[in-house]
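Participant:
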Amino acid sequence: MARSNASADATPAKAKKPKKQRWYHQVWAAYKMTRQQDPSVTWVLLGIFVGVLLAGIAIGLATGHPYYATFVALPFALLATMYMLTRRAERAAYTRIKGQPGAARAALGTVRGGWTFEDEPVAVNARTQDFVFRGVGRPGVVLVSEGPVTRVDRLLEDERRRTARVLPNVPIHLIQMGDGEGQVELTKLGRTVSKLKPKLTKPEVAEVSKRLKALGGQRLPVPKGIDPFKARPDRKGMRGR
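Heads up: the sequence shown begins at 305 in my numbering, then just goes up one per residue.
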């Protein structure tokens with residue numbers, strides 16, 4: 305008996321698995337984050353839900369099927385509410401990270417369509433905390449700067465020349481993120497990149513990525529502070545997937 309107890313004590317306790325986060329937990333987290341930045345979001349969401357539901361009931365009364373119309377209108381009211389929460393959460397996330405180092409990279413993380421972006425900037429001005437981030441997709445290579453126009457022009461152009469030496473026949477797109485003249489606002493950055501027209505095939509994109517890895521880049525991480533990468537809302541979670 306003593307031996308069995310000793311062996312039991314020697315056996316390390318199994319680590320508890322972390323609880324799997326359900327979609328409604330993600331929705332609640334997105335709502336709380338949004339409410340911190342936008343206190344009116346509760347009334348906006350309630351107004352949309354009730355408005356769509358009342359519209360469905362009105363149609364049902366007009367057609368003589370109030371119960372059926374209410375049943376049909378309920379999921380539409382939920383969808384409309386979730387859509388508005390997604391939009392408000394996205395806006396709140398941008399407000400939260402605006403002005404923080406690495407905000408451009410956080411916005412680029414929402415871009416879909418086969419784009420890949422490096423987590424670390426490929427060009428850095430350590431004194432002014434201006435960055436250039438690089439992404440690869442079917443439209444080619446995109447270089448996105450973060451900082452005032454007067455400071456990032458040269459940083460962005462130097463990186464363009466460096467990239468063009470390795471990829472002379474690949475389109476290179478330059479985008480300046482900021483609030484200055486000719487720059488793209490943080491909230492519009494993802495859409496701006498998504499609108500670029502495809503020029504390369506998927507195998508060509510893979511080859512471009514290999515060459516850029518050989519080119520390398522800065523090995524300086526984004527300065528410490530608020531982590532903008534954790535400020536993005538989980539869209540799939542808010543849609544209930």
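Quick reminder that beta carbons are idealized off the backbone N, C-alpha and C, glycines included.
Sorry if obvious, but does the Cβ on G494 come closer than 7 Å to a heavy atom of the ligand COA?
Facilitator: Looking at this structure, you won't find the ligand COA or any other ligand, since it has none at all.
Participant: Are three or more beta carbon pairs between the region 396-412 and the region 366-379 nearer than 8 Å?
Facilitator: no
Participant: Tell me whether the beta-carbon of K490 lies closer than 8 Å to the beta-carbon of A373.
Facilitator: For the sequence presented, residue 490 should be read as Leu rather than Lys. Contact: no.
Participant: With DSSP run on the structure shown, which of helix, strand or coil describes A411?
Facilitator: Helix, per DSSP.
Participant: Taking 8 Å as the threshold, find out whether the region 426-442 comes into contact with the region 497-504 through three or more Cβ pairs.
Facilitator: yes
Participant: Any idea which residues DSSP pairs D342 with across the strands?
Facilitator: Bridge partners of D342: none, in fact.
Participant: Just the Cα atoms here: how many angstroms apart are V436 and L493?
Facilitator: 14 Å
Participant: What is the C-beta distance between I455 and D434, in whole angstroms, given that I count them as a contact (C-beta under 8 Å)?
Facilitator: The amino acid occupying residue 455 in the given sequence is Arg; Ile does not appear at that position. At roughly 5 Å, the Cβ-Cβ gap stays under 8 Å, so R455 and D434 are in contact.
Participant: Could you pull the start and end residues of the beta strand (DSSP E) that L490 belongs to?
Facilitator: Note, L490: premise wrong, no beta strand (DSSP E); not H, not E.
Participant: Drop a sphere of 10 angstroms on the beta-carbon of W332, count the other beta-carbons inside from all chains shown, and report buried for 16 or more, exposed for fewer.
Facilitator: exposed
Participant: On the CB-based measure, 16 or more other CB atoms within 10 Å of its CB, does Y335 come out buried or exposed?
Facilitator: buried
Participant: Using the Cβ count rule (16 or more neighbours within 10 Å means buried), how would you classify F428?
Facilitator: The sequence shown places Val at residue 428, rather than the Phe named in the question. By the neighbour-count rule (16 or more Cβ atoms within 10 Å), V428 is buried.
Participant: Sort P370, A396, L350 by Cα distance to T338 and report the nearest one.
Facilitator: A396
Participant: Mind checking A430: buried by the 16 CB within 10 Å criterion, or exposed?
Facilitator: exposed
Participant: Determine the closest residue to T432 out of V445, Q330, S449, Q487, with distance taken between C-alpha atoms.
Facilitator: Ranked by how close their Cα comes to the Cα of T432, the residues V445, Q330, S449, Q487 have S449 in first place.
Participant: Which value, in whole angstroms, describes the spacing of the CA atoms of L524 and W327?
Facilitator: The predicted position of L524 is uncertain, since its pLDDT is 46 and thus under 50; no value can be drawn from it.
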